[in-house]
Every structure is written in structure tokens, then in C-alpha cells.
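One structure is given below, encoded as C-alpha cells.
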Amino acid sequence: MGDHHHGPAKGITRWLFTTNHKDIGTMYLWFSFAMFILGGAFAMIIRAELFQPGMQLVEPAFFNQMTTLHGLVMVFGAIMPSFVGLANWMIPLMIGAPDMALPRMNNWSFWILPPTFLMLASTLFMEGGAPAFGWTFYAPLSTTYAPPSVTLFIFSVHVLGLSSIMGSINIIATVMNMRAPGMTYMKMPLFVWTWLITAFLLVAVMPVLAGAVTMMLMDIHFGTSFFSAAGGGDPVLFQHIFWFFGHPEVYIIILPAFGVVSQIIPAFSRKPLFGYDSMVYATAAIAFLSFIVWAHHMYTVGMPVAGELFFMYATMLIAVPTGVKVFNWISTMWRGSLTFETPMLFSIGFLILFTIGGFTGLMLSIAPADFQYHDSYFVVAHFHYVMVAGAVFSMTAAIYYWLPKWCGRMYNEAMGKTHFWISFVGFNLAFFPQHFVGLAGMPRRIPDYALQFADFNMMSSIGAFIYGASQILFLYNVIATIVSGKPTSDEKVWDGAEGLEWTVATPAPYHTFETPPRIDPAHAHS
Amino acid sequence: MIRISENANVDTVIKLVTVAIGMFAFVFVVMVPLYDVLCDALGINGKTSGEAYSSVQAGVDDSREITIQFVATNNEGMPWDFGPSVTVMKVNPGAVNDTVFHARNPLPEAMVAQAIPSVSPARAAEYFHKTECFCFNQQPLDGESSAEMPLQFIVDMDLPRDIRTITLSYTIFDVTEMAGGVAVR
Ligand code: HEM
Ligand SMILES: [Cu+2]
Chain D
1 MGDHHHGPAK GITRWLFTTN HKDIGTMYLW FSFAMFILGG AFAMIIRAEL
51 FQPGMQLVEP AFFNQMTTLH GLVMVFGAIM PSFVGLANWM IPLMIGAPDM
101 ALPRMNNWSF WILPPTFLML ASTLFMEGGA PAFGWTFYAP LSTTYAPPSV
151 TLFIFSVHVL GLSSIMGSIN IIATVMNMRA PGMTYMKMPL FVWTWLITAF
201 LLVAVMPVLA GAVTMMLMDI HFGTSFFSAA GGGDPVLFQH IFWFFGHPEV
251 YIIILPAFGV VSQIIPAFSR KPLFGYDSMV YATAAIAFLS FIVWAHHMYT
301 VGMPVAGELF FMYATMLIAV PTGVKVFNWI STMWRGSLTF ETPMLFSIGF
351 LILFTIGGFT GLMLSIAPAD FQYHDSYFVV AHFHYVMVAG AVFSMTAAIY
401 YWLPKWCGRM YNEAMGKTHF WISFVGFNLA FFPQHFVGLA GMPRRIPDYA
451 LQFADFNMMS SIGAFIYGAS QILFLYNVIA TIVSGKPTSD EKVWDGAEGL
501 EWTVATPAPY HTFETPPRID PAHAHS
Chain X
1001 MIRISENANV DTVIKLVTVA IGMFAFVFVV MVPLYDVLCD ALGINGKTSG
1051 EAYSSVQAGV DDSREITIQF VATNNEGMPW DFGPSVTVMK VNPGAVNDTV
1101 FHARNPLPEA MVAQAIPSVS PARAAEYFHK TECFCFNQQP LDGESSAEMP
1151 LQFIVDMDLP RDIRTITLSY TIFDVTEMAG GVAVR
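Each protein sequence line maps, in turn, to chains D and X.
Take 1 as the starting number for the first sequence in my numbering and just add one per residue.
Take 1001 as the starting number for the second sequence in my numbering and just add one per residue.
Shown next as C-alpha cells:
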């Protein structure tokens, strides 16, 4: 295999044609960061408009395009690809494989993304504007009343789905077929486990999303009536199909984040993860339950009482495996030799804030109470606690944790800690008050609001600007590390870190594990 | 060096692609029909049957009277005058009742309309039988003309006793463009 032993090709073709899991992981990570900035810019416009009551900066129609694109770009452009990037980088290193199982497909699943988002963003300049029907694109808003750009939107969703499915197939094939000898399933690091389960979820529900947009396409252009009552269809059917995808989707977002903190917390507690087996089973249980709770997003559409009750109890049941995880992380820290480097700070931030988000989720799961909370800012606060303080904080922790391994240089710890504290304060200032305005009756997705919400909204906007600005510090820190960080060649960058990725040289060579590592059968999971 | 067999990967890919295609098909061949079947069978969403009721009730229950309210709504942009001739009726379960809705097309050109029924409380939908309804078919109307549209219905003898009022609502849609195309209820 002569051609396997040279380094990367030179120039742009290295990136265009690469099949190397580390290169592809890097591209995913940079791309998702770019999308994070773009989606963040949309959020800044939203918060600037909401800084004061009254119409300030933008037209209501444009405001709606901003909320829609913000959600779509953050979910499909920032969070999901960032975790795929992390999977590409880390899964082969963690299971002792030389690369992903299907390297060429890997290249494709990345490269179809940038043009798709370019296309989606370009709809802003189209006649009629970008999609303005919310990231949940309920029919008939997204069919009968949609702007012409909806067709491009549908096409983008198809391509994104395809990319996710290809990425997931690759991850499943890698984990199932490429583990080093002796790396049994119950020895895999938890990040690999959570991604394996996530990938199965993706293969199961991305086609459902594709089905939903296909029906929209047919309703709009080919005269069918899936979602149109006039022709015998039903708009509520759209919501069922969307949330049958949508609820598993939120677990697709959070499970890899669970995996990340399950790697980081033990490292900085200098103790093995508490309750490894129960973590694996809890993850599987959450994945299973995620298929039978979707209608908790639809309590107010007029379901029969039996339906409301079923979905209410099923939703509450999810709190059990989720609680198991939270207790396991806390028990891991219990009596550990804790230190608080930046990755650990972000992980602890995750732990606290995600738990708050879980509790508001439980409040929302109470069907009769949800009639008050539904479509209010309370829901906005809930899902930002689980998606930003959950998924994004854990992703940030992951970057700080593995960056020294990737580039052989240490980031600036003081700057990292500053980034954490500014993020933590900014995030809470932005989203905690939204609980209050939501309970007091402020609806989501509106460009103007009643006067009594003014103070809390101004706080929210200031917090959002602070959180947004702190990401510039993050970007600066990462670039400074890559360019001129203090070199390190310790294989184990963190003294408490466990796992195969810490046995290869630092920085991680272009090719690793071309001969499989030896795994001590007595040694437990990492 | 290559340590895994290519076959194992091909095998995994084939299985997973099958799952993905299967789930895509699942949406169309299971979820959509199942939703309609469930809604019809359970009367969820207040959907009533799209076909004429043909069985005969065992008798007439004179012991109670059910109030039937009729509501008519025009979907956005639908110019017809459309409404019930009487807005409230008192009926006995088991009895056959007749009423008419009137419709007028004020525009000069011919149009086709489709009325979509919904029953509230939704629980009552499965006990509300229509033996004849203008909503079973699309309704064409020449320009500037009117029509009386008949409705004949039976309230089931088994209607739960706690239900005393049933509201039957029709929303009328302009389907001139899609007329003759898709099957409607
Ligand atoms: C204990 C766990 C959780 C429970 C019980 C829960 C419950 C709920 C409920 C009932 C709603 C619907 C509220 C409404 O629209 O009235 C909701 C909305 C939402 N949840 Fe959660 N949730 C949980 C965890 C999560 C996680 C982990 C995520 C994602 C990482 C998430 C993301 C969302 C999103 C995005 C929405 C809003 C969707 C929208 O309408 O735009 N949730 N949650
Ligand atoms: Cu949900």
C-alpha cells in the first residue's frame, strides 16, 4: 500500500479530493464554525430588533426570514456538521482504526454541504425573500403561503438529509467493522457509543424529513393535497410527520454532546466514568423513547385526551434515563481530584445549564400546563438551554480538549477561561429572562411586543450580544493556537485523559493506527 | 494495510441504505394512510366519514333530544355566499333528519367548490352519520347563480349520553383550479 505512507497533498486539491478522516473532520469543523457565525449574525439582527419594543430596524417580513434562517442554519449548518466533524476526527482514533470505513463517500458527504448552504443563504436575495415560515416549516405556511424560494429550501433539505445519511452510514460502518482487535463494544469510549446510536437515529429519521419536504414539493407543484384540506388532506398531518422526525432530531443533536462530556469529565476528575454500562443503556433508552413522544410538540392541535396523556407520560419517562446520565456525571466528579481547565469549565457549565433545560422540558411535557407555555418565549428559553448550553457548550469543550492533540500546540488557558466566563454570563443573561417573559405571555417569533416585556428583552439582547462577542475571542484563541501556540509533544496532553487517541504522537500524525494497536483485555473501557 | 474485509462494509452499506429507503417509503405508504384511517376510525380531528352511511338504526330514541348547530366558514379568498338554512336543529338519535345549505356564486364565471366538514366535540364524530351530503362531491356553480345543497343525517342511538350538543362545521374551499383532479371526500 505504497501510496498510503506519504503526507497530505499540497494546495487546494488536498482539501477537494482528500479522503483522510482528519482532513475531512477539520473541514467539517471549520465549515460548521462559519455557519455558527452566519447563524449568529442572524440572531444578532433578531435581538437588535427586539432590544426595544416597537418596530426598530427591520421589516416584519425580514424578521421572519431571520428567525427561520437562524434556526435552520444553526441546527443543520452549525451543530450537526460540527459533531460529524468531531466524529470524523475522533472515532477512528478512539477505536484504533486507520480511517473511516468509506473514505470516498466521506469526502462527498462533506462537499455537498457548502454549496447547499450557499444556495439557502442566497434565497435572501430572491424575489419574495428567503423562507419565512419558521425552522419547523408548518404547512400551509410553507406550502400555500410560501415564497417562491421554498423550492430551493426543499432542495436544500434533500441534500442536507443525503449528506447526513451518508455520514451516518459511514460512522456505523466504521464502528461496526473497523474496531481494533480487542476493542469490544463495551470497551468503546462513550463518545463512540453515543455517535453510533445517533447515526442509527439519523438513518431512521432523515428519510422521514425528506418525505415531508417531498410532499410539500408535490403539493406546491404537482397538485396533490397531502396537507391541503380542500383536496382531502390535512395540515395537522404535516406536524405529525415533521415531529416524528423532529423529536428524534433533538436527541441527534444532544447525544454526541453527552458523549463529549462523558470523555471530558472523567479526565479532569481523574476518575473513570461512573456507571459506564448504565450510560450506554440510558443512551439507547433515550433513543428508543425519542420515537414515541413526538406529539408533545402538538398538545394544542386538538388531540383526544388519551393521546395527550400517552404523549405526556411517555415524555416524562425520558427524564429517567436523562437523570441517570446527570447523576453519573456528578458521581464521576464526586471525590475526584478536580481541576478546572477550560474544557472542564465548559463541561460543568453544560451539566448545570442542560439540567435546567431538562427541567423546563419537564414543565413543558405537562400537557395541561403546555397550553399556556406553547409557542411562548418559555419554549425558546427551554430549547436554547438544551441546544446552546447543551450542544454548543459541549462542542466548545471538545475543541479545547482535543485541539492540542490535533495541532500539537496549547491554547491560551487564561483566554479560554475568560471565554468560558463571558459565555456563561452572556448566555444566562440572554436566555434566563426569556423564561419570565414567556410565562407572562410573550409569544415567540414576533418582531414587536407589549411594553411590559421591555426590560427583560433589553437584558436578553445585551446578553446575546455578549455571548456573540465572546465567540470572536474563541475564534482568535483557536487561530492563535494553530499559528503560534506553545508547542507540546506530550502524547497525553491532559494527565487524567484516557483512551487510544492519547497514545498516538502529538500532533496527531496524518496517518494513525495503520497497524492496529494492542488493547489490554483486562483494561476497562476508556 | 487493510484489516477489514471490504465485504463487511458493503454489507453494512446495503443494509443501512435499505433502512433509509424503507423509512422514506414508510412516510408515504404507512404514515399518511394510517393517519387517515385513524382519524376516520376514531373521529379524531372531528373528521366524519367521507362516504354515505347506509345502515339502518334500530329505532328512534325519543327519550333525549340532541341540539345540532351548523356553522359555515369561507376559506380565505372564497367569494361565495354560503350558509345553513337553519342554524340550530333539535333531533332524536336514530331519526333521519334533512336540512339544506344555500350557496351563491357572485362572480360572473363558473366555479367549483368543496366543503370540508368537521364535527365538534371530536368524540361525537363517529356517531354523526351522513346519509346524503353535498360535501361528498365537488359542487360546481355557474356564474351569478345559486343552489340549495341538501344534507341528510342520523345521530347514532349509541351517542354517549353526556353529549347534548353537536356542532357541524363546514369550511368551503375554492377548488376550481384542481377540479376534476384529486379525489375528495
Ligand atoms: C427531559 C428532556 C426534555 C423534555 C421533557 C422536553 C420537552 C419538550 C416539550 C414538551 C416541548 C414542546 C413545547 C411547546 O412547543 O409547547 C419541547 C420543545 C423543544 N425542545 Fe425539548 N425537551 C427535552 C429535552 C430537549 C433536548 C435535549 C433538546 C435538544 C437538544 C430539546 C429541544 C427542543 C426544541 C428545539 C424544542 C422547540 C421546537 C420548536 O417548536 O421550535 N429538548 N421540549
Ligand atoms: Cu420533543
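Ideal placement from N, C-alpha and C gives every residue a C-beta, glycine not left out.
Locate the alpha helix (DSSP H) running through residue i, then write down its first and last residues.
{"i": "D:ASP23", "result": "21-49"}
{"i": "X:MET1089", "result": "Premise fails: X:MET1089 lies in the beta strand (DSSP E), 1088-1091, not in any alpha helix (DSSP H)."}
{"i": "D:PHE383", "result": "377-386"}
{"i": "D:GLY408", "result": "Looking at the DSSP string, D:GLY408 is not in any alpha helix (DSSP H), and its letter there is neither H nor E."}
{"i": "D:LEU196", "result": "190-221"}
{"i": "D:THR174", "result": "150-177"}
{"i": "D:ILE12", "result": "12-17"}
Identify, in the order they occur along the chain, each residue of the same chain with its Cβ nearer than 8 Å to the Cβ of residue i, setting aside the five sequence neighbours on each side.
{"i": "D:ILE241", "result": "VAL208, GLY211, ALA212, MET215"}
{"i": "D:SER269", "result": "THR332, MET333, GLY336, SER337, LEU338, GLY496"}
{"i": "D:ASP3", "result": "In this prediction, D:ASP3 scores a pLDDT of 46, lower than 50, which makes its location untrustworthy; the coordinate-derived value is nonetheless stated afterwards. Within the same chain, D:ASP3 has no close Cβ partners at all."}
{"i": "D:ARG47", "result": "ALA430, SER460, SER461, ALA464, PHE465"}
{"i": "D:LEU255", "result": "THR194, TRP195, ILE197, THR198, LEU201, THR283, ILE286, ALA287"}
{"i": "D:THR506", "result": "PRO404, LYS405, GLY408, THR488, SER489, ASP490, GLU491, VAL493"}
For the beta strand (DSSP E) holding residue i, just list the boundary residues, first then last.
{"i": "X:VAL1096", "result": "1096-1105"}
{"i": "X:HIS1129", "result": "1128-1133"}
{"i": "X:GLY1083", "result": "1081-1084"}
{"i": "X:ILE1068", "result": "1066-1074"}
{"i": "D:SER337", "result": "Element bounds for D:SER337: n/a, residue is neither H nor E."}
{"i": "X:ASP1174", "result": "1165-1174"}
{"i": "D:PRO92", "result": "From DSSP, D:PRO92 is part of no beta strand (DSSP E) but of the alpha helix (DSSP H) over 80-95."}
Which same chain residues end up closer than 6 Å to residue i when comparing Cβ atoms and leaving out the 5 residues on each side of it in sequence?
{"i": "D:MET1", "result": "Any answer about D:MET1 is weak, because its pLDDT of 38 lies below 50 and its placement is not dependable; what the coordinates show is given next. Nothing meets the Cβ criterion."}
{"i": "X:TYR1127", "result": "ASP1156, LEU1159"}
{"i": "X:ILE1002", "result": "Residue placement at X:ILE1002 cannot be trusted, given a pLDDT of 46 that sits under 50; what the coordinates show is reported in the next sentence. Nothing meets the Cβ criterion."}
{"i": "D:MET178", "result": "ALA97, ALA101"}
{"i": "D:TRP243", "result": "TRP294, HIS297"}
Please list, in chain order, the chain D residues whose beta carbon lies closer than 9 Å to that of residue i.
{"i": "X:THR1165", "result": "Chain D residues near X:THR1165: none, gap ~17 Å exceeds 9 Å."}
{"i": "X:MET1031", "result": "VAL208, GLY211, LEU237, HIS240, ILE241, PHE244"}
{"i": "X:ASN1075", "result": "ALA229, ALA230"}
{"i": "X:THR1171", "result": "ALA229, ALA230"}
Helix, strand or coil: which one does DSSP assign to residue i?
{"i": "X:MET1157", "result": "coil"}
{"i": "X:MET1001", "result": "For X:MET1001, the predicted structure reports a pLDDT of 39, less than 50, and the residue's modelled location is therefore unreliable. A value from the coordinates is still provided. It is coil, neither helix nor strand."}
{"i": "D:GLN56", "result": "coil"}
{"i": "D:VAL75", "result": "helix"}
{"i": "D:PRO492", "result": "Going by the sequence as given, residue 492 of chain D is Lys instead of Pro. Residue state, collapsed to three classes: coil."}
{"i": "X:SER1120", "result": "strand"}
{"i": "D:ASP455", "result": "helix"}
{"i": "D:LEU273", "result": "coil"}
{"i": "D:ALA440", "result": "coil"}
{"i": "D:VAL293", "result": "coil"}
{"i": "D:LEU527", "result": "Only positions 1 to 526 of chain D appear in the structure, and residue 527 of chain D is not among them; the question remains open."}
{"i": "X:GLN1138", "result": "coil"}
{"i": "X:ALA1125", "result": "helix"}
{"i": "X:GLU1006", "result": "helix"}
{"i": "D:PHE100", "result": "It is worth fixing the name first, because residue 100 of chain D is Met in this sequence and not Phe. Correct three-state label for D:MET100: coil."}
{"i": "X:MET1149", "result": "strand"}
{"i": "D:MET415", "result": "helix"}
{"i": "D:VAL504", "result": "coil"}
Can you pull the chain D residues whose beta carbon is under 8 Å from the beta carbon of residue i, in chain order?
{"i": "X:THR1012", "result": "ALA101, ILE169, ILE172, ALA173, MET176, ASN177"}
{"i": "X:VAL1175", "result": "ALA230, GLY231"}
So, at 7 Å on beta carbons, what are the nonlocal neighbours of residue i in its own chain, with the 5 sequence-adjacent residues on each side left out?
{"i": "D:TRP15", "result": "ASP23, MET27"}
{"i": "D:THR355", "result": "VAL326"}
{"i": "D:VAL150", "result": "PRO131, SER142, ILE220"}
{"i": "D:ILE366", "result": "MET312"}
{"i": "D:GLU341", "result": "PHE268, GLU413"}
{"i": "X:GLY1143", "result": "ASN1105, LEU1107, PRO1108, GLU1109, ALA1110"}
I want to verify the contact list: residues of chain D whose CB lies under 7 Å from the CB of residue i, in sequence order.
{"i": "X:PHE1024", "result": "PRO207, ALA210, GLY211"}
{"i": "X:MET1178", "result": "GLY223, GLY231"}
{"i": "X:PHE1028", "result": "GLY211"}
{"i": "X:TYR1035", "result": "LEU237, HIS240"}
For residue i, would you say it is in contact with chain C, using Cβ-to-Cβ distances shorter than 8 Å as the test?
{"i": "X:ASN1137", "result": "No chain C appears in the structure shown, which is made up of the protein chains D and X."}
Mind listing the chain X neighbours of residue i? Cutoff is C-beta to C-beta under 7 Å, in chain order.
{"i": "D:VAL203", "result": "LEU1016, VAL1019, ALA1020"}
{"i": "D:ILE165", "result": "ALA1020"}
Using a C-beta to C-beta distance shorter than 8 Å, which residues of chain X count as neighbours of residue i?
{"i": "D:PHE226", "result": "VAL1032"}
Item to check | Every unbroken alpha helix (DSSP H) inside the segment 102-134 of chain D [4 residues or more] | outcome: 103-111, 113-122
Item to check | Within the segment 1016-1057 of chain X, ranges of the beta strand (DSSP E) (whole runs, at least 3 residues) | outcome: none
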